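Comments concern the structure below.
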Amino acid sequence: MSFGFSVGDLIGAANLAQRLIQALRGSHDAGEDYRAAITELGYTQQAFFHVINLGSDKNLSRATFQSASCIVMGSIDIIQEFLDRTKKYDKRLGRFSAGPSGLAQGFRKVGWALFKAEDMKRLRATLHVKLTALGVLLAAANV
Numbered sequence: 010m011s012f013g014f015s016v017g018d019l020i021g022a023a024n025l026a027q028r029l030i031q032a033l034r035g036s037h038d039a040g041e042d043y044r045a046a047i048t049e050l051g052y053t054q055q056a057f058f059h060v061i062n063l064g065s066d067k068n069l070s071r072a073t074f075q076s077a078s079c080i081v082m083g084s085i086d087i088i089q090e091f092l093d094r095t096k097k098y099d100k101r102l103g104r105f106s107a108g109p110s111g112l113a114q115g116f117r118k119v120g121w122a123l124f125k126a127e128d129m130k131r132l133r134a135t136l137h138v139k140l141t142a143l144g145v146l147l148a149a150a151n152v
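Going by our numbering, the final residue of the sequence shown carries number 152, and the count climbs one at a time with no gaps.
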């Protein structure tokens, strides 16, 4: 059974993880959840690159590579859903063109506390499960 994931798909996954990391770095009001999410996404991105490199490993079975690719692509769907879901919060809170005033920054902090923080915890938990599954798969394959 072929899932048809290419190295280009995996590189796209790593790039999307990088976009989310950069977006989170732009939100300095998020606190501990924010820092933990960046760390988790960094691990996820490293795992994506590791799987990309496995594509050229002749000692690794094609089935193992396809399974690892499937886990990566499932992770990218989770990241994209998070970006789509939290985009509406940014719109709701507004982007102030004159620069963030004290009031605007206050709204962003409240928005993060009410909306994004819980979404971030779900994202981290789900990505952690995916990374664990990938780790178990690669350990079983002696990679």
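Don't be surprised by glycine CBs; every beta carbon is placed ideally from N, CA and C. All values derive from a computational prediction rather than experimental measurement.
CB of residue i within 7 Å of CB of residue j, strictly
i          : j           : result
residue 56 : residue 133 : no
residue 25 : residue 77  : no
residue 87 : residue 22  : no
residue 92 : residue 74  : no
DSSP state of residue i mapped onto helix, strand, coil
i           : result
residue 69  : coil
residue 51  : helix
residue 104 : Residue placement at residue 104 cannot be trusted, given a pLDDT of 45 that sits under 50; what the coordinates show is reported in the next sentence. Three-state DSSP puts residue 104 in coil, outside helix and strand.
residue 151 : coil
residue 64  : coil
Nearest-angstrom Cα separation, counted from residue j out to residue i
i           : j           : result
residue 79  : residue 51  : 19 Å
residue 60  : residue 90  : 22 Å
residue 150 : residue 143 : 11 Å
residue 130 : residue 136 : 10 Å
residue 148 : residue 18  : 23 Å
residue 70  : residue 138 : 23 Å
Classification of residue i by the beta-carbon crowding that lies within 10 angstroms, buried from 16 upward
i           : result
residue 67  : exposed
residue 20  : exposed
residue 53  : buried
residue 106 : With a pLDDT of only 40 at residue 106, under the threshold of 50, the placement of this residue in the model should not be trusted, and no figure is reported.
residue 48  : exposed
residue 125 : buried
residue 141 : exposed
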